[in-house]
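Trainee: Per the working numbering, the very first residue in the sequence shown carries number 392; after that it's consecutive.
Where is the CB? At the ideal position from N, CA and C, for every residue including glycine.
Here you go, one structure.
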Amino acid sequence: MFYVQRDAQGQLVRVEAAAYAEATETLPADNHEIQAWYANEVMESSLKQLKQSDLEMIRVLDDLIQVLTSKGVIRVTDLPAAAQAKLMDRTQAREALGGLSHLIDVDETGLI
392 MFYVQRDAQG QLVRVEAAAY AEATETLPAD NHEIQAWYAN EVMESSLKQL KQSDLEMIRV
452 LDDLIQVLTS KGVIRVTDLP AAAQAKLMDR TQAREALGGL SHLIDVDETG LI
């Protein structure tokens, strides 16, 4: 059984397994509204995790490209023009913020 609170339009705004003062009714776990509520929360949480992972991967890829170019494995000019422009923009922004130092915690292990 779940304790729920609804807005003026009858939409769920809060669902809890334990009773709380603002709860206006209870619904069984197999209720379609309860299942939709938790399915939506799982999706939102997964999207947040994916967005955070994307941000972290951008830095990894940016650093990887920097390493590969500094070692002469690839040249920036080997990349498509749009990628070159984006890398140049990021490089300028990072330099304005103090370069590449302190982007990855020294405590992190298992990097590439």
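1) On the three-state DSSP scale, how would you describe arginine 481?
2) Rounding to the nearest angstrom, what Cα-Cα distance links valine 395 and asparagine 431 in this structure?
3) With tyrosine 411 as the anchor, note down where its alpha helix (DSSP H) starts and where it stops.
4) What separation, rounded to the nearest whole angstrom, lies between the Cα atoms of valine 451 and alanine 414?
5) To which residues of the same chain is alanine 412 closer than 8 Å at the C-beta, ignoring the five residues directly before and after it?
6) Apart from the five residues just before and just after threonine 468, which ones in its own chain have a Cβ nearer than 8 Å to its Cβ?
Mentor: Looking at the coordinates:
1) Stepping through the sequence shown from its first residue, residue 481 is reached at position 90. In this structure, arginine 481 counts as helix in the three-state DSSP scheme.
2) The count along the sequence shown starts at 1 and reaches residue 395 at position 4. The count along the sequence shown starts at 1 and reaches residue 431 at position 40. Spanning the two alpha carbons is a distance of roughly 16 Å.
3) Taking the first residue of the sequence shown as position 1, residue 411 is located at position 20. It is not in any alpha helix (DSSP H) - tyrosine 411 carries neither H nor E in the DSSP assignment.
4) Residue 451 sits at position 60 when you count from the first residue of the sequence shown. Residue 414 sits at position 23 when you count from the first residue of the sequence shown. Approximately 46 Å between the Cα atoms of the pair.
5) Locating residue 412 in the sequence shown gives position 21, counting from the first residue. Excluding positions up to five away in sequence, the list is empty.
6) In the sequence shown, residue 468 corresponds to position 77, counting from 1. If we look at threonine 468 and ignore the five residues flanking it on each side, its Cβ neighbours are Gln475.
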